[in-house]
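Novice:
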Amino acid sequence: MFPTRSHTVAAQGGISASLGNVQEDRWDWHMYDTVKGSDWLGDQDAIEFMCRAAPEAVIELEHMGMPLTALKAANLSASFRRTYCRTW
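Counted from 1, the sequence shown has number 1 at position 1 by full-length UniProt numbering; the numbering is strictly sequential.
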């Protein structure tokens with residue numbers, strides 16, 4: 001099958017990272033949401049590494065020229081999806 005005819009091209013999701021640039025946000029909250037979203041079956045060591053490294057990775061992607069949604073203040077935008085929480 002031609003790659004653009006699969007359902008994968010219609011997938012949306014974005015990049016999740018606790019940047020803390022718009023409101024209070026912490027990597028451990030991101031980790032908790034990710035572990036909870038995996039029904040506690042995800043590799044928690046890998047999830048912790050991903051959540052700790054995500055902010056630097058997103059900034060590096062932005063510097064490489066990846067088109068990311070930006071706010072007027074030239075900060076990366078933050079939008080909370082239904083499954084993300086700020087506090088427990």
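Yeah, the Cβ is synthetic: ideal placement off N, Cα and C, and Gly gets one too.
Whole angstroms is fine: what's the gap from W40's alpha carbon to P55's?
Specialist: 23 Å
Novice: Using only the alpha-carbon positions, how far apart do I59 and G65 sit?
Specialist: 10 Å
Novice: The alpha helix (DSSP H) spanning M50 covers which residue range?
Specialist: Taken as a continuous stretch (DSSP letters only), the alpha helix (DSSP H) holding M50 covers 44-63.
Novice: In its own chain, which residues sit with a C-beta less than 6 Å from the C-beta of R52, not counting the 5 before and 5 after it?
Specialist: W27
Novice: Tell me whether the beta-carbon of H30 lies closer than 8 Å to the beta-carbon of S18.
Specialist: yes
Novice: Just how far apart, CA to CA, sit K36 and T69?
Specialist: Cα to Cα, the separation comes out at about 27 Å.
Novice: For D33, count neighbouring C-beta atoms within 10 Å of its own C-beta (all shown protein chains included) and say buried if the count is 16 or more, exposed if not.
Specialist: D33 comes out buried.
Novice: If you reduce the DSSP assignment to three classes, tell me which class W27 lands in.
Specialist: helix
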